[in-house]
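Let me begin by presenting the structure, written as structure tokens, before commenting on it.
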Amino acid sequence: MITENKNTNEQKQILTNLNIVCVQHGIGFWTKKFGNDRRIEPVLTVALQAASGAFNEADVMAVRDGFYVSLVENECYEPDEYPAMFVAHAAANSIVTAVSDVQFGADQRDQDLDPEAFEPDYLVASAFAGGLSDDGNTELRRAFWRWYLSVAVPQVISDLP
């Protein structure tokens, strides 16, 4: 586990960085829908800063909630644009990672959670697959997870002090 032997703050920073690498990997879906719209960038910056303790939880959750409501709940998406929504949702939930308890129960599964609580990497995998859970292309979802394990995780590990 990449957060093994790390304190809680370091764990949050590592996991938030991994979330952001995933969102950046899926940014093409965002760009396809929103063009040069840069609203996603400040959210990722706030997530990084929150993981390092720069903001209090209430303030960053207000940023998360505003972005989530604007781009996930209030934006109109055609079915072929859902991947952009998943990437926006992943960016919003990167803030949740930055401020949440990093201890996970072994029996927790994303599909059993409230959809607002989906993990960012799961949401980006769903963007690549074109659907949540059993929906979408299984091979594209697997390709994302291969990338995650062979590229994203090593990249985040290599950036550790």
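UniProt numbering numbers the first residue of the sequence shown as 1 and each following residue consecutively. Yeah, the Cβ is synthetic: ideal placement off N, Cα and C, and Gly gets one too. All values reported here derive from a predicted model rather than from experimental measurement.
Asked	Found
Whole angstroms is fine: what's the gap from N17's alpha carbon to S94's?	9 angstroms
C76 to N5, Cα distance in whole Å?	44 angstroms
Which residue comes first and which comes last in the alpha helix (DSSP H) that contains V72?	Taken as a continuous stretch (DSSP letters only), V72 belongs to no alpha helix (DSSP H), as it is neither H nor E.
Have a look at G28, K12, W30, L160 and flag the residue whose alpha-carbon is nearest the alpha-carbon of E57.	K12
Output needed for A47: all residues of its chain with C-beta closer than 8 angstroms, excluding positions within five of it in sequence on either side, in chain order.	T16, N19, I20, V60, A91, S94, I95, T97, A98
Which residues in the same chain have their Cβ closer than 7 angstroms to the Cβ of I2, if we skip the five residues on either side of it in sequence?	I14, V153, V156, I157
Note down, in chain order, each residue of its chain lying with its Cβ closer than 6 angstroms to the Cβ of F67, except the 5 sequence neighbours on either side.	V43, A92
What do you get for R142, buried or exposed, if any count of 16 or more other CB atoms within 10 angstroms of its CB means buried?	exposed
For residue 199 and A88, which I take to be in contact (beta-carbon distance under 8 angstroms), what is that distance rounded to the nearest angstrom?	This structure cannot speak to residue 199, because the chain is shown only from 1 to 161.
Between F144 and the rest of its own chain, which residues show a CB-CB distance below 6 angstroms, the 5 nearest in sequence each way excluded?	A125, F128
Between which residues of its own chain and L123 is the CB-CB distance below 6 angstroms, once the five residues before and five after are set aside?	F86, H89, A90
Which word fits K33, buried or exposed, when buried means at least 16 other C-beta atoms lie within 10 angstroms of its C-beta?	buried
Return the CA-CA distance between S52 and N9, expressed in angstroms with no decimal places.	7 angstroms
Report the three-state DSSP secondary structure of G66 (helix, strand or coil).	helix
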